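Residue numbers (the working numbering): -3 to 112.
Note that beta-carbon positions come from the ideal geometry of N, C-alpha and C, so glycine has one too.
Since the structure is predicted, the reported quantities are computational estimates derived from the model, not experimental observations.
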């Protein structure tokens, strides 16, 4: 099973920036998708941004503020978040899908807190 380890979360003021990292134990260039999700208290987990094949997908609320990128040599996916808002406060999870069992892995999550 692919292991995913997130880092880079923390407490930041509104308008600030953070860069999240997701280090994978396997070759991300072979993954079908690699992305970031978030879950705020009392809410369902939602997609933030993801690579899916040749496509990059962002949820509307982060378009123009967040950029997903990857370094295949380091097997790491990043999420650069700028102009952070209090509503971005959540636990951010990395997720990968791949063509071998068990097909999907999640990281343990990293907390992002944006103060107003």
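Using beta-carbon positions only, say whether residue 76 and residue 90 come within less than 8 Å of one another.
no
Are the beta-carbon atoms belonging to residue 32 and residue 45 less than 8 Å from one another?
yes
Who are the Cβ neighbours of residue 105 in its own chain at under 6 Å, not counting the five residues just before and after it?
87 and 89
Starting from residue 108 and walking both ways along the beta strand (DSSP E), at which residues does that stretch end?
106 to 111
Residue 47 - partner residues in DSSP beta bridges
30 and 52
Tell me, please, which residues DSSP counts as bridged to residue 67.
72
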